[in-house]
Each structure stands twice: as C-alpha cells, then as structure tokens.
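Asks: Here it is, the structure, as structure tokens.
Printed below as a string of structure tokens:
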C-alpha cells in the first residue's frame with residue numbers, strides 16, 4: 074500500500090496495525106536512543122514519520138543515514154490525532170537498500186529553481202517538484218477520464234507530418250542522418266494534431282488528441298517550450314458557442330477533481346503562492362466571461378497608458394501584456410475572447426458574415442495569458458479554398474483536408490489546450506520549464 | 074445521447090420514447106412509401122435503423138440520399154425484440170446537413186485494405202476501421218486506468234533527446250530548416266522513454282510513459298512503423314519476476330475490460346477472424362508461461378527443419394519466425410522468454426551471476442511475435458560502467474543516468490509495450506499500418 078492510500082483510509086486504521094513502506098529518506102533527527110526518520114514513497118508530498126527506539130538504532134547505524142537513502146521500513150502504526158501528522162510508524166525492521174554519494178545535490182535546505190533546472194533527473198525529489206508532477210499526473214488522467222465519460226474517442230494524430238498545420242512556419246525538420254530523406258520528402262514535427270483530428274471527428278463525432286507538439290520558437294520566455302503537450306478535442310455538429318462551453322466544463326471538472334484528490338499537494342503549493350486556491354476556487358464558482366474581440370479592443374484603449382504597446386486598434390494581435398491585463402485587471406478571472414479578425418488567425422477558421430472576423434476563441438487566464446485557442450472550422454469548401462489562396466497556402470498537400478468538406482461534412486469545432494500551461498495555472502508555477510520533466514527549448518537539450 | 078449509450082440502456086427504454094441522433098448515412102433502401110435508413114454516429118460499430126413512412130419521404134427527397142451524408146434525425150423508439158436489431162427509430166423529423174460529392178470513395182461494397190491505406194483520412198468510415206479505432210481507444214484508456222488505479226504516475230519522457238536510448242543507431246535526426254542546429258547540438262527523436270522514466274521511478278516508485286517513439290527502420294514489414302506509441306512502466310523496488318507479473322496482469326485487465334465494454338466491435342472483428350475471441354479468452358484464462366531463453370533454444374533445435382534460419386544456438390537473436398513458432402506452435406499462447414544472452418540486449422540490463430545473460434524478458438504472442446520487451450535494470454554502478462565501456466557507449470552523455478545509481482538507487486525494472494502491436498493482437502488485424510490512424514513508414518508520409 075502507498076502512503077497516500079494509508080492516509081486516505083485514516084478513519085479505518087487501527088492502532089498497532091502493521092505497515093510496510095518502501096521509499097527514500099527525507100530527514101533524520103534524534104539521538105542514539107530515539108530517532109525520527111521521515112520517509113517518502115512518491116505517492117504524496119506528505120511523508121511518513123518513523124520512530125526508532127532502542128537497539129534497532131545502533132544495530133542499523135541509523136544515525137549515519139543520509140537524505141536520499143533508499144530503504145524499506147516495517148513497523149506498527151501509532152495514531153497521533155493531536156500531533157501535526159495524524160500517525161507515525163514505530164519501527165520494527167529496516168532494510169537499507171542504497172545510500173547516496175557525498176555529492177548528492179538535493180539537500181533539506183532550499184535550493185533555487187535555476188539550480189534545479191540544471192538537474193532535471195533529480196529535481197523531482199524536492200517537495201515542490203513532487204507536488205507539481207503529482208498534479209500534472211492528476212490533470213492528465215482527469216482529462217482522459219472526462220473525455221471518455223463524455224464519449225470522446227482518443228485518437229493519435231501523427232507527429233511526423235508533411236505539412237505545417239498552422240501555417241506559421243515555426244517547424245522542426247526531421248531527417249535521417251545521411252540527409253537522404255528517410256521519408257523521401259521533407260518531413261516536419263507536427264505543430265498541431267487538429268487537421269487529422271478533424272478527419273476522425275467526421276466519423277466518430279467526438280474525438281480528442283493528447284500528445285506532444287513542437288514549435289521552433291526562438292523566444293526564450295517563461296511560457297514557451299520547443300516541445301510541449303497539447304490536448305485537442307474536435308467535435309462534429311458543434312459550433313463556436315458549444316466548444317466554448319465544452320472548454321469551460323472540461324477545465325472546471327478536471328481542476329475541481331484535482332483539488333479534491335490532491336489536497337496535500339495543493340496545500341503545499343498554496344503555501345508558496347498564497348492566492349492559488351482562492352484563484353482556482355473563484356474560477357470554479359463563476360460563470361466564464363465571454364467577450365467579443367472588438368469590445369476587448371475598446372476596453373484596452375481605455376487603459377492605453379498601461380501598456381508598452383500602446384497602438385491598440387481593431388486588427389491587432391493581442392500581446393501577452395494585453396491578454397494578461399484583460400484577464401487579471403479587467404475581468405479578474407478567465408475570459409474567452411471571441412470573433413478575432415481573420416488576418417491574425419489560421420486559414421481553417423469559420424469566416425463570419427461580417428467579412429472581417431472568424432469564429433475563433435482564445436481562453437485567457439490570469440498569470441498565464443492564453444491557455445486555450447480554438448475555433449469553429451470553415452465548413453464551406455469554396456470559402457476555405459478562397460482563404461487558402463489569399464494566404465498563398467498550397468492546396469495540393471491539403472487536398473485530403475479539403476476532401477472532408479466534400480464528403481458529408483458536419484459543422485466541426487475544436488480547441489487546443491497547452492497542457493503545460495494548464496499545469497502552470499493549477500500549480501501556480503510561473504515558469505513553464507518547471508512543469509514538464511525534461512524541458513526542451515532553443516539551444517538546449519538537457520539529458 | 075450516443076447510439077452506444079442508447080443500446081447499453083436497452084432494458085430501460087420505453088416504446089415511443091423520443092430520441093435524436095446526429096450522424097452519417099450508412100445505407101438507404103426502400104421505396105417512396107417506406108424507407109429504411111441506417112445511421113452511424115461513431116460511438117459504436119452498430120447502426121441505428123430509421124424507418125420513414127409517408128410524406129416525410131418525398132418532402133425530404135429521402136430516396137436520393139447517398140451514403141456518407143451527414144444528418145440529424147428525430148423520432149420515436151420502436152422496440153423490435155424479435156428482429157436482428159433490438160430497436161428502430163420511427164422518423165418524425167430529419168435535417169440534412171451535407172451530402173457527398175460523386176467521387177466519394179467509401180461505398181457499401183467491400184474495398185481492399187490496400188485501397189483504404191491510400192485514404193487514411195476516410196477509411197475510419199468503414200465498419201472495420203470504426204471497430205479498430207474504438208478498440209484502440211478502449212485499450213489506451215484502460216491502460217491509463219489500470220496504472221492510475223495501481224498508483225502509477227504518468228510522466229512525459231522527452232521526445233527530442235540528445236542520446237540514443239537503445240544504442241541501436243536507428244534514430245531520426247531533428248534539425249531546423251537552416252541546418253543551424255536549433256538545439257545547438259545534434260538532436261534525435263527518442264526511441265524510448267525508459268531512461269528518463271527511471272529517473273522518475275527513483276522519486277515516485279511507480280511511473281509510466283505513454284507517448285510516441287521513433288525508429289528509422291528501413292524494413293517494410295507488417296509489424297514495423299517509423300512512428301509508433303509505447304507504454305513504458307518503470308517500477309523501483311521491482312525485480313524481473315515482479316515486472317513480468319505486472320505485464321501479465323496489465324494485459325489481462327485491459328483486454329478483459331475491452332472485450333466486456335466493446336462487445337459489438339469484438340463480435341464484428343471476430344466475424345472477420347473467427348479465432349480471435351477464442352485466442353483472447355484462452356490468454357485470459359491461462360497462467361502466463363515463463364521459459365528460460367536457453368530452454369527456448371533447446372526446444373527450437375528440435376524443430377530446426379521448420380525454419381529458414383536453421384542455425385539455432387545459444388547466443389542467437391531469435392528471428393521473428395522463431396518467436397512466432399514458439400508462441401504459436403510450442404506454447405500455443407503468450408510466453409515470456411527470460412534471461413537472454415547479454416550480447417543481444419541493451420547495456421542497461423541487469424547482469425546475471427552466470428556472466429552470460431541479463432535479467433531481460435520478451436513477451437511473445439501468437440500472430441505478432443514480440444509484444445513487450447523489458448528487464449530488470451543494472452543497479453550496480455561499476456557493472457553498468459563496465460558494460461558501457463565494453464560496448465563503446467560514451468559515458469558523458471549518460472552521466473545523469475549513471476547518477477541514479479549513486480544516489481539512493483533501488484532495484485528498478487520496467488518494460489515497453491508496443492501499443493500498436495497490442496491493438497493488432499486484440500483486433501486480430503495483421504498489418505500494423507491498419508491500427509494507427511495515419512501510419513508513417515520509410516519513404517512515405519501520407520497527409
């Protein structure tokens with residue numbers, strides 16, 4: 074049994090029940106007569122306090138055990154309802170598996186995030202990264218669970234593609250070592266699974282992808298990675314308003330369940346970032362704000378002096394500072410901005426009757442900016458081809474995508490969640506490199 | 074409500090209950106007085122029979138509707154307990170969304186798999202691919218569910234890496250278009266997530282990855298893809314026998330739940346491949362056979378004349394024909410072969426006391442051959458370094474991996490499931506290109 078499970082069934086545990094834990098030593102204090110070892114098994118950020126008394130201490134040389142040692146402890150539960158931790162283990166048997174070399178970099182004292190980024194293979198052994206990765210795990214599974222319970226088919230869009238889905242040009246090329254094109258043509262790492270998901274939505278109605286996507290972004294920001302995971306639902310017979318409702322309900326469900334199932338980790342993260350739980354609960358309790366892009370522009374104009382980029386006008390792409398200001402200062406919570414000018418959005422979005430905008434939405438959240446981007450897709454073959462021509466997008470590689478409009482097309486809408494940004498939002502962590510185990514950014518691959 | 078959900082709650086449905094279905098037309102027969110439309114919504118391989126009578130037929134020109142048309146039907150349920158299908162819908166209202174152009178390639182008559190491989194964006198609209206992809210979805214979710222229920226942490230191993238995890242050299246290079254190395258060094262698409270998963274197992278004890286992996290395999294076989302998905306659990310404090318037990322239990326649980334939850338799809342697949350359900354049930358009911366590699370060699374020697382490769386000897390890598398013969402003819406079911414010669418296995422595997430073998434296992438299944446490969450990992454720092462030296466594996470890029478042995482290492486074991494091979498096994502499909510939406514192989518990227 075894991076430590077998490079033990080703590081969950083606290084009400085039914087009896088004094089003197091036997092328990093075994095396999096894990097790693099987190100702290101070791103006391104003397105030769107009584108020692109307190111705390112041990113973690115990775116199932117929770119909480120530790121088990123193990124009390125050693127008498128000859129077991131000297132026999133196993135417990136005083137010399139250092140942080141990070143792997144071990145197996147056996148003993149009897151002692152309930153401590155009035156102590157900070159609800160129970161402890163009275164040690165009866167201990168097996169030491171392996172100790173740590175002297176240069177072990179993880180120590181009880183605080184270390185900086187910069188330092189920990191240099192050792193991604195070891196940083197998960199801190200309370201912070203243990204908490205982040207447990208929350209990340211929960212969010213990933215809750216997303217799968219939500220979609221499965223709502224009859225979505227999980228589909229694998231290809232990673233290696235022959236075309237650039239977003240038309241933004243920031244793609245990574247795939248090659249074989251000899252440069253003799255393994256695929257006999259140029260191949261890219263996919264920037265989105267959406268186009269392929271649309272093909273599957275035209276059979277299965279509700280589908281989603283959950284896989285890695287890639288951008289050759291040279292910008293070194295706290296919000297961008299070259300390799301990140303995306304969740305992309307696509308739903309046939311759905312229009313813009315339906316997909317926004319789905320996004321809102323999905324987010325609220327997975328966040329709510331995660332807060333409920335990982336109380337210790339959320340408490341720990343809240344101790345670092347004291348507004349975290351308040352912010353999340355406020356989101357859970359409130360209706361999502363939906364606002365037209367054109368009204369956002371008007372609002373931002375009123376606050377022109379707050380921005381570096383003061384040229385606020387219809388047609389502009391909102392900068393990160395504008396997005397954050399909108400969600401943090403004006404709305405003070407998540408906000409879905411809808412109906413963007415078509416010239417700043419992708420070719421496949423549904424062209425509104427005003428000839429100016431497309432049925433797109435971005436979901437912006439405080440602290441992060443864009444968390445989700447989505448749209449209703451252009452369903453009219455000729456409008457789609459016309460837009461591709463306007464944008465000089467070559468038709469032939471996308472003939473298959475155009476086919477979908479010719480063969481029993483149903484209105485289709487979808488969105489993409491930057492999964493790491495969702496983890497940032499829920500953990501309150503401000504740098505995206507800290508919410509993925511081994512971050513990849515321009516100029517650097519660690520391990 | 075989806076059609077699948079409707080059929081699942083058959084016992085509680087009342088005559089004349091109203092029902093709406095959004096989907097696509099599968100067949101259309103009858104005359105101007107009565108017509109039978111069958112409609113599929115992608116939730117199941119089963120269709121809904123819709124009966125249209127009287128003026129609704131001519132008003133909506135139903136006789137002209139062609140296969141593939143997207144539509145919404147409303148009507149009242151009529152229970153038909155004595156008919157092949159348990160219920161039908163008496164049509165009251167129909168909205169035609171979009172029809173299909175004349176060159177629609179999916180027709181009611183059978184088409185070849187070769188032909189369908191040319192149109193991966195449309196082939197999911199056949200009963201076969203609808204079934205395969207629904208089963209694939211089920212297997213994926215059941216895998217996540219199994220691991221979550223058993224306290225495993227889902228972790229994202231990186232896709233882009235600086236080293237070749239298996240040491241087999243069949244890697245795809247990642248570049249930016251300008252060849253000015255985006256990552257400032259050579260970068261590859263990962264062949265395994267295992268090494269990184271080991272780092273996380275050293276914190277979280279039980280972890281798993283589920284993501285795409287890549288091989289620049291030039292062999293055009295029915296069992297290989299350049300891009301495929303792998304499931305890789307890694308468990309600290311586990312030895313070889315424990316991880317084999319995990320593999321067996323995982324497979325049996327996910328297969329059993331899938332058969333139970335997708336009876337119509339399994340029935341359809343069994344109609345194409347009449348041994349399918351028998352084979353799977355036999356696996357579910359029987360204890361997994363475990364056999365030493367050295368005993369396999371002895372066994373195969375007895376059947377030398379059955380093979381193209383007749384030079385059967387200790388030290389050889391089993392060819393696909395040997396693996397299949399072992400599972401299909403000798404064991405007649407799945408078999409775990411253990412303790413392979415170290416020279417045909419990867420550097421990181423635990424070296425047995427005989428100095429000849431490593432604590433590895435391959436799980437072989439009839440019809441497919443290798444479904445799972447795994448091992449106990451070498452836990453002894455010096456043995457691991459020694460083996461890397463023997464194999465001329467450069468130490469520096471793997472210093473981080475070696476670190477794990479120096480810092481509180483616990484015995485760790487894991488395996489990788491080729492997810493598409495599992496889908497092949499459960500669907501009875503013999504070509505791996507038919508169990509992934511958009512297959513990628515040497516020399517070819519479709520869409």
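Chains as they are written, first to last, in my numbering: chain A, 74 to 520; chain B, 74 to 520.
From the three backbone atoms N, C-alpha and C, an ideal C-beta is built for every residue, glycine too.
Computed from a prediction, not measured in an experiment: that's the story for all the values here.
1. Could you pull out every unbroken alpha helix (DSSP H) segment of at least 4 residues lying fully inside the segment 265–313 of chain B, listed in chain order?
2. So, is the C-beta of residue 227 (chain A) closer than 9 angstroms to a C-beta in chain B?
3. List the residues of chain B that residue 194 (chain A) touches, going by C-beta distances under 8 angstroms, in chain order.
4. Three or more C-beta pairs closer than 8 angstroms, one from the segment 313–328 of chain B and one from the segment 290–298 of chain B: is that the case here?
5. Name the chain B residues that come within less than 8 angstroms of residue 516 (chain A), Cβ to Cβ?
6. According to the neighbour-count rule (16 or more other Cβ atoms, all chains shown, within 10 Å of its Cβ), is residue 336 (chain A) buried or exposed?
7. Got a sec: is the Cβ-Cβ distance from residue 432 (chain A) to anything in chain B below 9 angstroms?
8. Along the beta strand (DSSP E) that carries residue 122 (chain A), what are the first and last residues, could you check?
9. Residue 265 (chain A) and residue 228 (chain A): beta carbons closer than 9 angstroms?
10. Quick check: what's the CA-CA separation for residue 137 (chain B) versus residue 255 (chain A)?
11. Closest Cβ-Cβ distance between residue 171 (chain A) and chain B: below 9 angstroms?
12. Residue 217 (chain A) touches chain B at which residues, Cβ-Cβ below 7 angstroms?
13. Assign residue 95 (chain A) to one of two classes, buried (16 or more other C-beta atoms within 10 Å of its C-beta) or exposed (fewer than that).
14. Once you ignore the five residues that flank residue 510 (chain B) on each side, which residues in its own chain have a CB closer than 8 angstroms to its CB?
15. Tell me, please, whether the CB atom of residue 458 (chain B) is closer than 9 angstroms to any CB atom in chain A?
16. So, helix, strand or coil for residue 434 (chain A), using DSSP?
17. Once you ignore the five residues that flank residue 533 (chain B) on each side, which residues in its own chain have a CB closer than 6 angstroms to its CB?
18. Just to confirm before moving on: does the CB-CB distance between residue 107 (chain A) and residue 130 (chain A) stay below 9 angstroms?
19. Given that a residue counts as buried once 16 or more other Cβ atoms are within 10 Å of its Cβ, and exposed if not, what is residue 344 (chain A)?
20. Taking Cβ positions only, does residue 188 (chain B) come closer than 9 angstroms to chain A?
21. Residues in the same chain with beta-carbon distance under 6 angstroms from residue 306 (chain B), minus the five sequence neighbours each way, listed in chain order, please.
22. Is it true that the segment 464–478 of chain A meets the segment 491–505 of chain A, where meeting means three or more beta-carbon pairs spaced less than 8 angstroms apart?
23. For residue 453 (chain A), does the three-state DSSP call read helix, strand or coil?
24. If residue 482 (chain A) and residue 275 (chain A) are in contact, beta carbons under 8 angstroms, what's the gap, nearest whole angstrom?
25. Tell me the DSSP secondary structure of residue 327 (chain A) in three-state form.
26. Which term fits residue 368 (chain B), buried or exposed, when burial requires 16 or more other beta carbons within 10 angstroms of its beta carbon?
27. Straight-line CA distance for residue 354 (chain B) to residue 145 (chain B)?
28. Can you tell me which of B:363, B:181, B:87 puts its alpha carbon nearest to the alpha carbon of residue 102 (chain B)?
29. Just to make sure I have the definition right: I need the residues of chain A whose C-beta is within less than 7 angstroms of the C-beta of residue 300 (chain B). Which are they?
30. Output yes if chain B places a C-beta closer than 9 angstroms to the C-beta of residue 277 (chain A); else output no.
31. Chain A beta carbons: is any one of them nearer than 9 angstroms to that of residue 224 (chain B)?
32. With a cut-off of 8 angstroms, do at least 3 Cβ pairs link the segment 161–176 of chain A to the segment 456–464 of chain A?
33. Quick check: what's the CA-CA separation for residue 359 (chain A) versus residue 501 (chain A)?
34. Apart from the five residues on each side of it in sequence, which residues of its chain come closer than 6 angstroms, Cβ to Cβ, to residue 236 (chain B)?
35. Please list the terminal residues of the continuous alpha helix (DSSP H) segment that includes residue 357 (chain A).
36. By the three-class DSSP mapping on this structure, what secondary structure does residue 180 (chain B) have?
Replies: Straight from the coordinates:
1. 267–277
2. yes
3. 269, 272, 473, 474, 476, 477
4. no
5. 255, 256, 257
6. Residue 336 (chain A) is exposed by the Cβ-count criterion.
7. no
8. 121–126
9. no
10. 47 angstroms
11. The Cβ of residue 171 (chain A) sits closer than 9 angstroms to at least one Cβ of chain B.
12. Residues of chain B passing the Cβ test: 214, 217.
13. buried
14. 193, 197, 206
15. no
16. strand
17. The requested residue 533 (chain B) is not part of the displayed model; chain B covers only 74 to 520.
18. yes
19. With fewer than 16 Cβ atoms within 10 Å of its Cβ, residue 344 (chain A) is classed as exposed.
20. No, because no Cβ of chain A sits closer than 9 angstroms to the Cβ of residue 188 (chain B).
21. 281, 487
22. no
23. coil
24. 7 angstroms
25. helix
26. exposed
27. When rounded, the distance between both Cα atoms is 39 angstroms.
28. B:181
29. 231, 232, 233
30. yes
31. It does; some Cβ of chain A falls within 9 angstroms.
32. Too few Cβ pairs lie closer than 8 angstroms, so no.
33. 19 angstroms
34. 470
35. 349–358
36. coil
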